[in-house]
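Okay, structure first, notes after.
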């Protein structure tokens with residue numbers, strides 16, 4: 119008891135600063151600015167594939183001067199944008215943070231909602247919509263906030279420790295990246311709508327004057343009619359990636375499948391399709407980087423010894439990957455140009471803050487599948503394919519009718535939601551069937567489909583019994599109030615996108631394997647081959663910043 123009392127007194131004195139710590143045991147000064155960069159849909163293999171063509175100041179700067187964890191994976195199954203961004207700085211998965219997908223159906227109404235949708239937080243920063251552009255039509259968009267996110271992030275813990283002295287911001291092209299990475303207590307989040315950076319009333323009632331000025335000077339509309347062409351000799355792209363017009367590529371928003379690409383939305387006047395076309399082009403990343411620079415300047419990030427956090431999301435690479443596939447010339451050019459954009463950003467940070475006072479983390483929210491047509495060409499027609507949702511619905515309906523008898527014309531068995539099905543309570547009532555009975559049958563039916571590899575019921579995912587590897591990954595992606603009654607996983611290289619392009623969202627390595635590179639203060643350079651997880655970022659960064667770990671985070675401190 120005497121020993122315990124002495125220890126309590128010693129801890130009190132140390133906490134009050136009345137006793138000096140032993141030499142070499144002093145508290146380490148955290149970096150002034152932590153910058154977490156998420157490159158949407160960036161597969162880990164891109165860094166090796168494109169490395170011979172990178173410049174010196176961007177990706178290569180991180181790789182040669184930082185810690186490269188080359189075997190980094192997501193442990194959850196639903197590898198989509200919102201769940202990924204919600205995991206990066208919370209260290210938990212959808213079973214805790216609740217962001218199960220990019221959109222999901224409300225189980226009581228079957229109405230679909232966006233992961234950061236919030237009608238109580240209207241957008242801020244869009245001027246009156248009437249007659250903004252000639253012949254332009256824009257759909258109204260609901261407000262945005264992190265209220266659907268149920269976890270806490272490193273940014274939240276930073277605010278809890280330092281209050282207003284620590285500044286936490288998110289900036290990205292996509293709302294979900296800007297909002298979910300920094301966390302609910304962030305000072306601000308900015309993303310683009312119609313080529314302008316906006317926010318919502320969750321953060322503030324009006325844009326700061328510097329951002330209004332930025333939008334007027336640097337808005338996407340000034341790039342109308344510009345041309346995107348390859349940065350290097352086309353022969354290099356042909357050698358590394360293959361032909362410019364590969365089977366399975368998809369032209370979108372007025373853009374052709376081959377270079378060069380004119381950014382006009384397929385029209386001689388500015389319409390909303392132009393902004394979608396702009397999202398496909400690398401100049402979109404330049405706009406995000408420019409905005410990040412302005413934010414650092416005007417919010418005075420990294421100017422004192424209290425650590426700040428900036429989360430930056432580059433989303434153009436996702437658009438390019440979806441349309442043209444990971445083996446396209448467009449994806450290669452996107453990363454070569456992003457490399458130069460990052461070089462500009464790192465040079466700016468060095469001038470403004472000093473890279474010695476920064477820690478930078480590079481990662482991604484998910485990977486992407488190769489185009490099925492490429493796999494078919496290499497491995498045969500049965501090795502890959504496209505799973506059409508409508509065809510799967512027809513297959514399921516016919517099998518359930520055969521099992522339980524047809525329903526009345528105005529009643530349906532189930533509604534597909536992402537890679538899963540919600541059972542219709544009206545159908546269960548009409549047949550006087552319990553949901554677990556129909557769910558088990560639906561799982562059995564799905565496993566008979568030639569493109570489905572695995573399926574799990576709600577009862578399996580919420581029950582105590584261990585599941586196989588994919589089942590355990592699905593458990594991490596399952597939050598019961600927002601989950602379906604049955605989930606399924608397509609076979610490898612069978613993707614849920616028709617008639618062209620690629621996608622992601624499975625537990626396969628091409629979707630889970632992403633980069634994790636650390637650079638700067640407190641980072642020992644080197645290549646690390648051991649398997650790590652994206653959920654390790656949060657505890658590692660929390661330790662560097664000297665803040666408590668986000669609650670429920672279960673990753674490890676990599677340093």
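In the working numbering, the protein residues as written are 119 to 677. For every residue, glycine included, the Cβ atom is placed at its ideal position computed from N, Cα and C. All values derive from a computational prediction rather than experimental measurement.
Under the three-state reduction of DSSP output, residue 575 falls in the strand class. Burial of residue 592 is indicated by the presence of at least 16 other C-beta atoms within 10 angstroms of its C-beta. Shown here, residue 225 sits in coil according to DSSP, grouped into three states, outside any helix or strand.
For residue 628, the enclosing alpha helix (DSSP H) stretches over residues 627 to 630. Per the DSSP secondary-structure output, residue 191 pairs in a beta bridge with 631 and 651. Every alpha helix (DSSP H) of 4 residues or more that sits fully in the stretch 464 to 539 is shown, in chain order, as 490 to 497 and 507 to 522.
Beta-bridge annotation (DSSP): residue 297 is not paired with any residue. If you look at residue 357, you'll find it in the alpha helix (DSSP H) that goes 352 to 359. Secondary structure of residue 158 (DSSP, three-state): coil. Shortest Cα-Cα distance from residue 302 to any of 268, 327 and 317 involves 268.
When the beta-carbon positions are compared, residue 271 and residue 291 stay at least 7 Å from each other. Contact check for residue 485 and residue 629: beta-carbon distance about 5 Å, within the 8 Å limit, so the pair qualifies. The three-state reading of DSSP puts residue 306 in strand, counting E and B together. In chain order, 574 place their CB closer than 6 Å to the CB of residue 589, counting only its own chain and leaving out the 5 sequence neighbours on each side.
In the structure shown, residue 259 adopts coil according to DSSP, grouped into three states. The Cβ-Cβ distance between residue 150 and residue 420 falls below 7 Å.
Annotation: residue 565 to residue 500 spans about 17 Å, alpha carbon to alpha carbon. Within the model, the alpha-carbon separation for residue 297 versus residue 539 is close to 28 Å. If you ignore the 5 residues before and after residue 155, its C-beta comes within less than 6 Å of the C-beta of 430 and 480, all in its own chain and listed in chain order.
Per DSSP, reduced to three states, the secondary structure at residue 646 is strand. Relative to the Cα of residue 442, the nearest Cα in the group 237, 490 and 351 belongs to 490. Apart from sequence neighbours up to five positions away, the residues of its chain that approach residue 148 with a beta-carbon distance below 7 Å are 425, 662, 663 and 664, ordered along the chain. Within the same chain, Cβ atoms closer than 7 Å to the Cβ of residue 452 are found at 400, 434, 435 and 438, the five residues on either side in sequence being excluded.
For residue 206, the enclosing alpha helix (DSSP H) covers residues 199 to 206. For residue 287, the closest C-alpha among the options 152, 637 and 487 is that of 152.
Closest by C-alpha distance to residue 194, out of 178, 215, 176 and 182, is 215. By the Cβ-count criterion, residue 285 is buried, with 16 or more other Cβ atoms from all chains shown falling within 10 Å of its own Cβ. Separation of the CB atoms of residue 651 and residue 190 is rounded to 7 Å, and the pair is thereby assigned contact status at 8 Å.
Distance from the CA of residue 274 to the CA of residue 392, rounded to the nearest whole angstrom, comes to 36 Å. Remark: fewer than three beta-carbon pairs, one from each stretch, lie closer than 8 Å, so the stretch 336 to 346 and the stretch 276 to 283 are not flagged as touching.
Between the alpha carbons of residue 614 and residue 622 lies a distance of about 8 Å. In this structure, DSSP gives residue 596 a state outside helix and strand, which the three-state scheme calls coil. In this chain, the alpha helix (DSSP H) harbouring residue 435 covers 434 to 442. The Cβ atoms of residue 308 and residue 315 sit closer than 7 Å to each other. Secondary structure of residue 554 (DSSP, three-state): helix. Nearest to residue 457 by alpha-carbon distance, out of 582, 469, 432 and 473, is 432.
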